[in-house]
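The next block holds one structure in the form of structure tokens; read it before the comments.
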Amino acid sequence: MSLLVVGLSHRSAPVSVLERASLAADAKVKLLHDTLAAEPATEATVLATCNRIELYADVDKFHAGVAELSTLLAQHSGVGLEELTPYLYVHYEDRAVHHLFSVACGLDSMVVGEGQILGQIKDALALGQELHTAGRLINDLFQQALRVGKRAHSETGIDRAGQSLVTFGLEQLAVHVPVGEWAAGKRALVIGAGSMSSLAAATLARVGVAEIVVANRTADRAERLAEILVASGTGVSAVAVPMARVADELTRVDLVVSCTGATGLVLTADDVLAAVSWGAAPDPAPQTPAGLEERGAAPDPAPRTPAGLDSVDAAVVARLVAAARDGGRLADAGAARTISAPVEADGCPVGPDGRSALTGVDANSLELHGTWADQGEAAAQRQPRRSTRTQARPTTVRLALLDLAMPRDIDAAVHRIPGVRLVDIESLAEASADAPMAADVDAVRGIVAQEVAAFGAAQRAAHITPTVVALRAMAAEVVAMEVARLDGRVPDLDERQRAEVTQTVRRVVDKLLHAPTVRVKQLASEPGGAGYAEALRELFDLDPQTVASVSRADAADPMNDDDPGRAS
Numbered sequence: 001m002s003l004l005v006v007g008l009s010h011r012s013a014p015v016s017v018l019e020r021a022s023l024a025a026d027a028k029v030k031l032l033h034d035t036l037a038a039e040p041a042t043e044a045t046v047l048a049t050c051n052r053i054e055l056y057a058d059v060d061k062f063h064a065g066v067a068e069l070s071t072l073l074a075q076h077s078g079v080g081l082e083e084l085t086p087y088l089y090v091h092y093e094d095r096a097v098h099h100l101f102s103v104a105c106g107l108d109s110m111v112v113g114e115g116q117i118l119g120q121i122k123d124a125l126a127l128g129q130e131l132h133t134a135g136r137l138i139n140d141l142f143q144q145a146l147r148v149g150k151r152a153h154s155e156t157g158i159d160r161a162g163q164s165l166v167t168f169g170l171e172q173l174a175v176h177v178p179v180g181e182w183a184a185g186k187r188a189l190v191i192g193a194g195s196m197s198s199l200a201a202a203t204l205a206r207v208g209v210a211e212i213v214v215a216n217r218t219a220d221r222a223e224r225l226a227e228i229l230v231a232s233g234t235g236v237s238a239v240a241v242p243m244a245r246v247a248d249e250l251t252r253v254d255l256v257v258s259c260t261g262a263t264g265l266v267l268t269a270d271d272v273l274a275a276v277s278w279g280a281a282p283d284p285a286p287q288t289p290a291g292l293e294e295r296g297a298a299p300d301p302a303p304r305t306p307a308g309l310d311s312v313d314a315a316v317v318a319r320l321v322a323a324a325r326d327g328g329r330l331a332d333a334g335a336a337r338t339i340s341a342p343v344e345a346d347g348c349p350v351g352p353d354g355r356s357a358l359t360g361v362d363a364n365s366l367e368l369h370g371t372w373a374d375q376g377e378a379a380a381q382r383q384p385r386r387s388t389r390t391q392a393r394p395t396t397v398r399l400a401l402l403d404l405a406m407p408r409d410i411d412a413a414v415h416r417i418p419g420v421r422l423v424d425i426e427s428l429a430e431a432s433a434d435a436p437m438a439a440d441v442d443a444v445r446g447i448v449a450q451e452v453a454a455f456g457a458a459q460r461a462a463h464i465t466p467t468v469v470a471l472r473a474m475a476a477e478v479v480a481m482e483v484a485r486l487d488g489r490v491p492d493l494d495e496r497q498r499a500e501v502t503q504t505v506r507r508v509v510d511k512l513l514h515a516p517t518v519r520v521k522q523l524a525s526e527p528g529g530a531g532y533a534e535a536l537r538e539l540f541d542l543d544p545q546t547v548a549s550v551s552r553a554d555a556a557d558p559m560n561d562d563d564p565g566r567a568s
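Residue numbering for the sequence shown follows the working numbering, beginning at 1 and increasing consecutively.
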């Protein structure tokens with residue numbers, strides 16, 4: 001076994017690099033084809049999730065393999081090799097197996113113990129099988145990883161050590177309030193209808209939101225997800241809308257969860273600003289928007305009066321700098337980015353009441369507000385984490401945003417908008433660094449260690465099996481040749497005598513081969529035992545092509561393959 005993995009994850013690279021290096025579906029296909037076309041690799045597959053990109057391959061040369069796989073990752077991710085290299089990690093042979101098994105158990109996840117990674121590992125295996133880039137080693141490895149992950153979740157309490165990324169994200173949005181209490185009665189918009197979005201929608205229904213709107217580029221998938229939610233028995237109301245309606249829906253929901261495969265932004269800062277500003281301006285004759293009227297929703301009965309500014313002069317800029325210097329704005333120093341600390345009336349052009357102050361503020365003022373907020377956040381981050389949490393004063397959140405996409409769906413600049421709370425992959429990574437670890441994690445680590453040892457022993461034993469089979473085939477051929485030779489020299493033997501002689505010779509050969517072949521299998525299963533197969537080939541002068549043909553026949557035998565369905 002010469003398993004090599006080259007990759008990067010949330011543990012080795014900043015989110016900005018992961019975001020740029022993310023692989024689209026067609027890029028994964030091209031990457032795998034190019035990997036097999038490369039000289040060192042004989043089989044491969046890629047595990048690409050929102051917080052990791054890993055290329056697994058069976059290689060015959062370690063250094064050449066590392067160089068080739070790193071180059072291919074850089075080429076297909078769009079991040080230059082020189083920039084990407086500092087963030088890459090490399091695992092080889094047993095360490096590579098240990099890494100994948102740890103990933104499958106959720107030990108390497110952003111939220112320890114989350115189980116969604118098992119589905120992503122299954123998808124990686126399915127892709128390799130579909131493209132015929134996964135051979136014996138990749139199939140055995142990934143199927144076993146799925147079994148190890150399931151064993152960890154069934155035999156330990158690793159589920160108590162962490163939650164799904166969706167649940168963890170909702171907890172960060174709720175900020176010290178039970179998610180069920182925080183989500184009760186809220187209206188939510190889910191953008192996307194893939195596996196993560198479906199998980200998000202199911203989680204929202206379970207925690208008690210009143211209504212879920214699903215928006216997706218493919219209408220059929222959105223409608224199907226909405227139907228499933230309605231039939232789930234949670235009592236949630238669910239409808240599907242086209243993507244063109246997202247801007248309208250933003251004005252009427254309290255919570256947005258987005259996870260699409262888009263390569264660009266799905267929600268810009270302007271989209272969110274327009275949504276939270278809607279209904280805030282005074283209107284002498286308020287009208288019901290078309291999107292709400294058809295749903296029977298009433299307009300805002302008490303529109304708020306804006307407190308905008310017509311212009312901003314140098315004196316305002318000076319006050320912004322002074323406010324930032326004096327710590328006038330304190331960040332919450334947690335996972336969510338929210339404008340949360342009130343300031344003096346002349347400290348920021350937007351003012352302390354974010355929602356009522358948005359309408360009428362020109363772009364220049366809003367940009368100055370963003371600068372002021374960022375400077376204040378930088379100042380707050382220089383303070384001890386505990387003190388900033390103590391001093392922060394939360395304000396009413398008009399719109400909560402959870403961005404689980406990689407690359408991101410929602411413009412990170414929306415955290416500058418008052419009344420908006422954003423949690424994304426980057427902020428989840430920061431929050432999970434302080435998450436408590438359950439005692440069951442140690443038990444899972446023990447399971448991983450056991451399974452790595454067992455897998456390595458099985459692979460090493462399997463590696464020598466073709467050599468042993470070839471040796472026995474050669475011995476049988478020698479017996480047949482000697483019996484034929486005996487027939488020529490002693491033609492008067494009857495059938496019974498010939499059969500007795502043949503059986504005697506075979507027993508002698510089997511007894512001579514039994515002890516060394518059994519022992520060589522035992523030795524080969526131990527670390528460093530791969531050399532015994534080569535020694536056996538040299539001692540008995542076995543034809544390498546014969547051994548290779550046995551290996552190919554063994555790999556092609558469907559009876560020797562694990563049923564993929566058992567690992568699903």
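Where a beta carbon is used, it is the ideal one built from N, C-alpha and C, also for glycine.
Proximity winner among the options, relative to residue i (alpha-carbon distances)
| i | options | result |
| --- | --- | --- |
| Val397 | Val276, Val266, Val469 | Val276 |
| Glu538 | Gln522, Ala470, Gln497 | Ala470 |
| Pro516 | Arg498, Phe540, Val501, Thr502 | Phe540 |
| Thr133 | Glu82, Lys28, Asp94, Leu100 | Lys28 |
| Glu181 | Leu204, Ala193, Glu93, Leu118 | Leu204 |
| Ile117 | Ala48, Thr156, Gly169, Glu171 | Ala48 |
| Met110 | Val468, Ser154, Val15, His76 | Val15 |
| Phe62 | Thr35, Leu131, Gln450, Tyr92 | Tyr92 |
| Val479 | Arg496, Leu493, Leu512, Ile464 | Leu512 |
| Val520 | Leu199, Ala535, Val508 | Ala535 |
| Arg416 | Gln459, Asn216, Asp270, Arg506 | Asp270 |
| Thr263 | Val490, Leu31, Val508, Cys50 | Cys50 |
| Ala13 | Phe101, Thr260, Gln459, Leu88 | Leu88 |
| Asp411 | His10, Glu19, Val448 | Glu19 |
| Ser9 | Leu100, Ala64, Asp60 | Leu100 |
| Asp26 | Arg52, Ala37, Ser77, Val518 | Ser77 |
| Leu265 | Ile191, Val230, Val213 | Ile191 |
| Leu167 | Ala193, Ala202, Ala24, Ser237 | It should be pointed out that residue 167 corresponds to Thr in this sequence rather than to Leu. Closest option to Thr167, Cα to Cα, is Ala202. |
| Ala461 | Gln522, Ala231, Leu84 | Gln522 |
| Ser154 | Arg472, Gly115, Ala449, Ser232 | Gly115 |
Other residues of its chain near residue i: CB distance less than 6 angstroms, five sequence neighbours each side excluded
| i | result |
| --- | --- |
| Thr502 | Val483 |
| Val207 | Val179, Gly180, Ala183 |
| Ser22 | Met406, Pro407 |
| Glu54 | Val5, Gly7, Leu47 |
| Gln120 | Thr49 |
| Met196 | Cys259, Leu404 |
| Ala41 | Thr35, Ala57, Val59 |
| Leu273 | Ile417 |
| Asp362 | Caution is warranted here: a pLDDT of 45 is assigned to Asp362, below 50, making its placement in the model unreliable, and the coordinate value is therefore given only provisionally. Nothing listed; no residue qualifies. |
| Val246 | Ala215 |
| Val17 | Tyr87 |
| Val414 | Ala269, Val272, Val420, Leu422 |
| Val148 | Phe101, Ala104, Glu451 |
Contact check, residue i vs residue j, beta carbons under 8 angstroms
| i | j | result |
| --- | --- | --- |
| Ala57 | Ala74 | no |
| Ala226 | Val209 | no |
| Asp424 | Leu267 | no |
| Val66 | Leu4 | yes |
| Val509 | Ala475 | yes |
| Val241 | Ala215 | yes |
| Thr156 | Val444 | yes |
| Leu170 | Leu250 | no |
| His463 | Ala400 | no |
| Val257 | Ala200 | yes |
| Asp94 | Gly531 | no |
| Thr465 | Leu542 | no |
| Val97 | Leu141 | yes |
Identified DSSP bridge partners for residue i
| i | result |
| --- | --- |
| Tyr532 | Paired residue(s): none; Tyr532 is not in a bridge. |
| Ala240 | Val214 |
| Ser258 | Ile191, Asp403 |
| Thr45 | Tyr56 |
| Gly7 | Glu54, Tyr89 |
| Arg460 | Per DSSP, none; premise fails for Arg460. |
Cβ shell of residue i (< 7 angstroms), same chain only, five flanking positions each side left out
| i | result |
| --- | --- |
| Ala335 | Any answer about Ala335 is weak, because its pLDDT of 36 lies below 50 and its placement is not dependable; what the coordinates show is given next. Closer than 7 angstroms at the Cβ level, and outside the excluded window around Ala335, lie Gln172, Val423, Ser427, Leu428, Glu430, Ala431. |
| Arg151 | Ile447 |
| Arg217 | Met243 |
| Pro558 | Model confidence at Pro558 stands at a pLDDT of 40, short of 50, so the residue's coordinates are unreliable and nothing is read from them. |
Close-in-space but distant-in-sequence residues of the same chain around residue i (CB under 8 angstroms, 5 per side omitted)
| i | result |
| --- | --- |
| Val441 | Leu107, Val112, Gly113, Ile158, Ala161 |
| Leu32 | Ala44, Thr45, Val46, Leu127, Gly128, Leu131, Thr133 |
| Ala145 | Leu100, Phe101, Val103, Ala104, Ile121 |
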